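Below you'll find the structure, written out as structure tokens, and then a few comments.
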Amino acid sequence: MRFFTTEGPVRAADNYCLPPLQRWDLDEVLGLIDRKKYFLLHAPRQTGKTSCLLALMEYLNQGDRYRAVYANLEGAQTAREDVARGMRTICGTIEAAARLYIGDTRLHPWTQDAWQTRGPDGALTGLLEHWSLNSPAPLVLMLDEVDALIGDTLISLLRQLRAGYTQRPTAFPQTVILCGVRDLRDYRIHSSTQAAIITGGSAFNIKAKSLRLGDFTADEVATLLGEHTAETGQVFTPEALVRVWYLTRGQPWLVNALAYHACFEMPAGRDRTRPVTVELIDQAKEYLILNRVTHLDQLSYKLREERVRRVIEPMLAGTEMGVVPEDDRQYLVDLGLLRRDGAGGLVVANPIYREVLPRALAGGPQDSLPHINSTWLNADGTLNPAHLLDAFLAFWPSGVGTGNRSWAAPLIMRSLRTWS
Ligand SMILES: Nc1ncnc2c1ncn2[C@@H]1O[C@H](COP(=O)(O)OP(=O)(O)OP(=O)(O)O)[C@@H](O)[C@H]1O
Ligand SMILES: [Mg+2]
26 MRFFTTEGPV RAADNYCLPP LQRWDLDEVL GLIDRKKYFL LHAPRQTGKT SCLLALMEYL
86 NQGDRYRAVY ANLEGAQTAR EDVARGMRTI CGTIEAAARL YIGDTRLHPW TQDAWQTRGP
146 DGALTGLLEH WSLNSPAPLV LMLDEVDALI GDTLISLLRQ LRAGYTQRPT AFPQTVILCG
206 VRDLRDYRIH SSTQAAIITG GSAFNIKAKS LRLGDFTADE VATLLGEHTA ETGQVFTPEA
266 LVRVWYLTRG QPWLVNALAY HACFEMPAGR DRTRPVTVEL IDQAKEYLIL NRVTHLDQLS
326 YKLREERVRR VIEPMLAGTE MGVVPEDDRQ YLVDLGLLRR DGAGGLVVAN PIYREVLPRA
386 LAGGPQDSLP HINSTWLNAD GTLNPAHLLD AFLAFWPSGV GTGNRSWAAP LIMRSLRTWS
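Under my numbering, read the sequence shown as residues 26 to 445, first letter to last.
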């Protein structure tokens, strides 16, 4: 039985899903590949980037025009600015991906050759050159999580790709697709060796285009939830469908998480003869928020960054944002925290984030509130006016109008009587 997934890329055999290749303009993507372009795919966390790349790889490998390989470079993050360590990991990851996805086991010696002759700053260029020259069809290489790389390691990757670019498609990949959260243009890469900030745009000025993957539309949300109905017979009431769209605005992970919790975890939702109602969806939403699921926790974590708070805090408080650089505002849109509404203004991306963000901001102060011993309540929780009066008189600053404390008692008693 298939189910909604929230863990990584979707697999059509196991998970309800929208065909990933229909989520972007496939003709445009294939056109870019045919024209030997190098381009970027970017979108906020958990939008479906990896699912799209894996589906594209499978699609291309079914034909014989190209050989496509997907590699996730995340492993090189811990190398930080150690280019030699980072490049070893990157080359090793590409070798393993070639073995796994197209059964090509020849790459390792090519990396070693290139390493000896060109060192870490030329090893990747050498490997890709050798591989392309020995490939039965032009290569399409998809490098995921590129923005996990840091400083000089990232710069070295971009420059090595640029160095081989003119040799494509015979002696370098026909296409390289870089994938990450931000548009490469917006990367500001700190190079320790050059003691300078290098922008992604300048380090990789061969990029033809940046494609941005969007969230689901309302129709796509209904189609995805409809897969569950088709497979189990359990319907979502029309109001519940509207509610899922309203709460998530189509954010793919949130849609799946709400539906999974409502249909697979909550006892009432597991009964396939009962429809999924607005109440179930609302309870699922509460669960996700209160349990600080990873997706929401990752967003809250971003609030530690000063430039994120600078934009978010005034928005939530309904006050003027003041002068905030466009780059900072765009950063929040790229992270998926904000979106532009119909009039072009910035709004929090969806009602679930809107509920989570103030809680995360208030978390610190809330946790540090002193514990209040409510002596003015009876054991059954009802108000005890006499004890309240004592507590108030004890609280009343002793230096302020000490002589007047006597008038406070009848005043408070009268107020309490009126109130009760
Ligand atoms: N085609 C799809 N149909 C239905 N749900 C999808 C689809 N693509 C993505 N999702 C939802 O988004 C989640 C994340 O998918 P995926 O790992 O492909 O995204 P990503 O953008 O690569 O995420 P990350 O930023 O964590 O790398 C999935 O677990 C699923 O909940
Ligand atoms: Mg991914």
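C-beta: ideal position from N, C-alpha, C; glycine also.
Model, not experiment: these values are computed from the prediction.
Asked                                                                                                                                 : Found
Backbone secondary structure at threonine 319 - three-state DSSP                                                                      : helix
Local conformation of asparagine 97 per DSSP, three classes                                                                           : strand
Alpha-carbon spacing of cysteine 77 relative to serine 160, whole angstroms                                                           : 24 Å
Collapsed DSSP secondary structure at methionine 291 in the structure displayed                                                       : coil
Contact set, ligand 2 heavy atom to C-beta under 7 Å                                                                                  : Pro34, Lys74, Thr75, Asp169 and Glu170
Contact test: alanine 122 Cβ vs ligand 1 heavy atom, cutoff 7 Å                                                                       : no
Residues of its chain near isoleucine 115, where Cβ-Cβ distance is below 7 Å and the 5 sequence neighbours each way are ignored       : Leu98, Ala101, Leu149 and Leu182
N-terminal and C-terminal residue of the alpha helix (DSSP H) that lysine 74 is part of                                               : 74-87
Per-residue burial, lysine 234 [other beta carbons within 10 Å of its own, 16 or more giving buried]                                  : exposed
Spatial neighbours of glutamate 252 in its chain, beta-carbon cut-off 6 Å, leaving aside the 5 residues before and after              : Tyr41
beta-carbon cysteine 42 near ligand 1 non-hydrogen atom, thresh 7 Å                                                                   : yes
Where glycine 88 falls, given that 16 or more other Cβ within 10 Å makes a residue buried                                             : exposed
Complete runs of the beta strand (DSSP E) confined to the stretch 164-193 [at least 3 residues]                                       : 164-169
beta-carbon asparagine 281 near ligand 1 non-hydrogen atom, thresh 7 Å                                                                : yes
4-residue-minimum alpha helix (DSSP H) runs that sit fully inside the stretch 219-243, ordered along the chain                        : 225-228
Valine 280 in three-state terms, based on DSSP                                                                                        : helix
Three-state class that DSSP yields for arginine 213 in the structure shown                                                            : strand
Span separating the alpha-carbon of serine 157 from that of lysine 74                                                                 : 25 Å
Extent of the continuous beta strand (DSSP E) to which phenylalanine 417 belongs                                                      : Element bounds for phenylalanine 417: not the beta strand (DSSP E) but the alpha helix (DSSP H), 410-420.
Buried or exposed (CB count within 10 angstroms, at least 16 for buried), glycine 426                                                 : Reliability fails at glycine 426, whose pLDDT of 49 lies under 50, so the model's placement of it is uncertain and the value that follows must be treated cautiously. Exposed, since its Cβ has fewer than 16 Cβ neighbours within 10 Å.
Arginine 60 in three-state terms, based on DSSP                                                                                       : coil
Per-residue DSSP class, three states only, for arginine 274                                                                           : coil
Buried versus exposed, by CB contacts within 10 Å (16 or more), phenylalanine 420                                                     : exposed
Short Cβ contact (8 Å threshold) for tyrosine 63 with tyrosine 212                                                                    : no
Closer than 7 Å: threonine 30 CB and nearest ligand 1 heavy atom                                                                      : yes
Residue environment, aspartate 448, which counts as buried when at least 16 other CB atoms sit within 10 Å                            : With the chain represented from 26 up to 445, any question about residue 448 goes unanswered, as that position is not in the structure.
Proximity of glycine 225 and isoleucine 214 at Cβ, strictly below 8 Å                                                                 : yes
Aspartate 59 versus histidine 155: straight-line alpha-carbon distance, rounded                                                       : 21 Å
Simplified DSSP assignment, three categories, for cysteine 204                                                                        : strand
One or two residues paired with valine 371 in a DSSP bridge                                                                           : The question names valine, but residue 371 in the sequence shown is leucine. Answer is Arg365.
Contacts around proline 45, its chain only, beta-carbon distance under 6 Å, and the 5 residues preceding and following it disregarded : Ser76, Cys77 and Ala80
Euclidean distance between Cα positions of valine 108 and leucine 328                                                                 : 30 Å
Integer-rounded CB distance, given that leucine 152 should sit under 8 Å from alanine 162                                             : Not confirmed; about 18 Å, so no contact.
Close Cβ partners of glutamate 264 (< 7 Å) along its chain, the five nearest in sequence each way excluded                            : Val303
Residues that histidine 67 bridges to, as DSSP identifies them                                                                        : Gly205 and Arg237
Assigned secondary structure, arginine 36 (DSSP; H/G/I helix, E/B strand, else coil)                                                  : coil
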